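Structure first, commentary second.
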Amino acid sequence: MPINKNAQIRYNTLDRCFRNTGRKYFIEDLIDECNISLFNIDENTSGIQRRQIFDDIKFMESEDGYGIELQKKREGRKTYYRYDDTKFSIGNQPINEKEANQLRSALMVLSRFEGLPQFEWVREMKAKLEHTFQLKDIEKEFISFDSNVDLKGLEFLSILFDAIYYQKVVKVVYKGFLDNESKTFEISPYFLKQYNNRWFLLGKDDRFPTITNIALDRIVQVEVLNNIYIQNAFVDFTDYFEDIIGVTRNELSSEVITFFVDKVRADYVKTKPIHGTQKKLEDTEKGTTFSIDVIPNKELETQLFAFGDHLTVISPESVRISMKERVINLLASYQ
């Protein structure tokens, strides 16, 4: 069970008391010391009672805690507490096996970033934990992320990550799916974004007024340049993606998109919203009407179109017409 802030304050206070050979700490003294420490952090604290101190000591003695060894010496009807080894401190303790397993679990999650130079320590740290604590090998993976290690362009992640971190201009040779010839960009890179299992680089090419967006799987070559890096004074990427689906941001304003989903797929859309602004407008026997407030783009249309005949766009008319054209083109391909 994770240790919360107040619990850690109590453990540190008890540790200090148990190490003190100049004073005998009885249970009432331990309560007082812990309450003083908690009050110094939060003046509104309600304090703790005897039962909590006994539970804390039990935890600190356990293998899940710190495995401390205490002397419990009676003096009359009272008992005072002190470490067997007064040089001992929980602050000097290495992590225990449970904590090591928790760390390994976290490292397993981080391992999805394998390939980036800043995360090369993950595999080494995981191996060191397993060796030091003799942790049981995990024979079968039991967690998986939606990723594709064979995705084209992943080999550029490392150099682009470094270029963003160290603020270096990069020359990117790019060839779109429909391009006969490649194009060259000189970009001050700002952000890497993953969407729909593809990676995208966003940055500033001073030839263009807006942010340049490049799919990594269409990059042919990347070279780091010594050109002057253009600082990002244009975009807060925390907000940049809030009113779009995907990565394509155009000059349009956001619009309320209203759509109907039949009862076969309505619950799916309720539990997995298409966008964070999604609202349920009406439930009927046939299905549910929803709305989202986004900037229309190709990714939006693609996501809506993926529901097939289970979803119908109601408004605005521009999106409705665009979706209708997709349906007509699809039908024509089956003629």
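Counting from 1375, one number per residue, gives the positions in the sequence shown under our numbering.
For every residue, glycine included, the Cβ atom is placed at its ideal position computed from N, Cα and C.
Fair warning: this is a prediction, and the values are worked out from it, not measured in the lab.
Sub-8 Å separation of residue i and residue j beta-carbons
i	j	result
F1574	K1567	yes
V1693	D1617	no
N1671	N1624	yes
A1537	V1598	yes
I1619	V1687	no
Y1455	L1404	yes
G1661	F1634	yes
K1644	K1654	yes
F1611	Y1564	yes
D1429	Y1385	no
I1427	I1401	yes
Same chain, Cβ closer than 6 Å to residue i, five either side skipped, listed in chain order
i	result
Q1541	Y1603
V1547	S1556, T1558, V1594, Q1595
I1442	M1434, E1435
K1651	Correcting the residue identity first, residue 1651 is Thr in this sequence and not Lys. So the list reads I1666, D1667, once near-sequence residues are dropped.
C-alpha distance - residue i paired with residue j, whole-angstrom precision
i	j	result
L1674	Q1605	30 Å
I1666	L1685	14 Å
F1706	L1678	The sequence given here places Ala at residue 1706; Phe does not occur at that position. C-alpha separation (whole angstroms): 20 Å.
D1636	L1531	41 Å
S1689	K1698	12 Å
I1695	G1550	27 Å
V1329	A1680	Outside the shown range of the chain, which is 1375 to 1709, sits residue 1329, and nothing can be said about it.
D1459	E1417	34 Å
K1646	N1409	46 Å
L1590	N1703	29 Å
A1381	N1414	14 Å
V1701	A1640	21 Å
R1592	D1613	26 Å
T1453	L1477	37 Å
T1584	F1615	15 Å
G1421	E1407	10 Å
E1691	K1379	54 Å
D1580	T1676	31 Å
Y1569	N1554	26 Å
K1432	L1525	51 Å
Where residue i falls, given that 16 or more other Cβ within 10 Å makes a residue buried
i	result
Y1399	buried
S1627	exposed
Y1642	exposed
Y1708	exposed
G1396	exposed
Y1457	buried
L1388	buried
G1682	exposed
I1648	buried
G1527	buried
F1582	exposed
R1451	exposed
R1448	exposed
A1607	exposed
L1552	exposed
E1529	exposed
Sequence-distant residues of the same chain with beta carbon closer than 7 Å to residue i, five excluded per side
i	result
S1710	For the chain, the structure presents residues 1375 to 1709; residue 1710 sits outside this window and is missing.
R1425	none
T1419	L1412, F1413
E1659	none
Close beta carbons around residue i, own chain, < 8 Å, minus the five adjacent residues each side
i	result
Q1423	I1405
T1622	N1587, N1671, K1672, E1673
E1656	T1662, T1663
L1534	V1544, P1563, L1566, L1575, L1590, V1596
Q1445	Y1455, R1456, Y1457, D1458
- Is there contact between the stretch 1390-1405 and the stretch 1445-1463, where contact requires at least three CB pairs shorter than 8 Å? With the cut-off at 8 Å, the stretch 1390-1405 and the stretch 1445-1463 touch.
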